[in-house]
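S.K.:
Set out below in structure tokens:
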């Protein structure tokens, strides 16, 4: 009997769902409410230079890639 590779795809779906449930609201709160209203965050938290420095760092690249790809994987699996 051939082994199924479905658990790998369901693992990615579950990881994307977990990120969407736990990290998604925090990202919306920070980028959509806290930074524009200057509420409990430093004035230049999301300045171009800070975001560029974060996204050019190897750890920042991995985090951005993981969050975006798992969000898209979860959304694609739910839509399909």
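In the numbering used here, the protein residues as written are 7 to 86. Where is the CB? At the ideal position from N, CA and C, for every residue including glycine. Keep in mind the model is a prediction, meaning the values are calculated, not measured.
1. Only counting the same chain, and skipping five residues up and downstream in sequence, which positions put a Cβ closer than 7 Å to that of residue 66?
2. Ends of the alpha helix (DSSP H) at residue 158?
3. State buried or exposed for residue 56, treating a residue as buried only when at least 16 other CB atoms are found within 10 Å of its CB.
4. Could you please give the first and the last residue of the uninterrupted alpha helix (DSSP H) stretch that includes residue 24?
5. Drop a sphere of 10 angstroms on the beta-carbon of residue 46, count the other beta-carbons inside from all chains shown, and report buried for 16 or more, exposed for fewer.
M.R.: Quick look at the numbers:
1. Here residue 66 refers to the residue found at position 60 of the chain shown. Contacts found: 60.
2. Only positions 7 to 86 of the chain appear in this structure, which leaves residue 158 out of reach.
3. The count along the chain shown starts at 1 and reaches residue 56 at position 50. Per the 10 Å Cβ criterion, exposed.
4. Taking the chain shown and counting its residues from 1, one reaches residue 24 at position 18. 12-28 is the extent of the alpha helix (DSSP H) around residue 24.
5. The sequence position of residue 46 within the chain shown is 40, counting from 1. Under this definition residue 46 is an exposed residue.
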